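Take the sequence shown: its position 57, counting from 1, is numbered 57 in the UniProt record's numbering, and each next residue is one higher. Cβ coordinates follow ideal geometry from the N, Cα and C atoms, glycine included. Note that the structure is a prediction, hence the values are computed from the model and not measured. Only one structure is covered here, and it is reproduced in the block below.
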Amino acid sequence: HDYFPSEFMGMFTNITDKPVTIEAGQRIMQAVFVKYGLVDDDNALGHRTGGFGSTGDN
1 HDYFPSEFMG
11 MFTNITDKPV
21 TIEAGQRIMQ
31 AVFVKYGLVD
41 DDNALGHRTG
51 GFGSTGDN
């Protein structure tokens, strides 16, 4: 294979009032891989309010 042998996950939102069916094997995603750097003093002090995997509860 010419791709990473693992699963990729994505979050999708249906912005219509009609049901959407995604069939097995249907291609629905693309990816762009970019270098992601970290610094030694990357200490986030703010409160997290959501993001990928968020339950939507406030």
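- Compute the distance between the beta-carbons of ALA31 and PHE8, then report whether it is under 9 angstroms. Yes, they are a contact pair.
- Message: So the candidates are GLY46, VAL34 and VAL20; which of them puts its Cα closest to the Cα of ILE28?
- Response: Ranked by Cα distance from ILE28, the options GLY46, VAL34 and VAL20 are led by VAL20.
- Quick one: Cα of GLN26 to Cα of HIS47, how far? Their Cα atoms are separated by approximately 37 angstroms.
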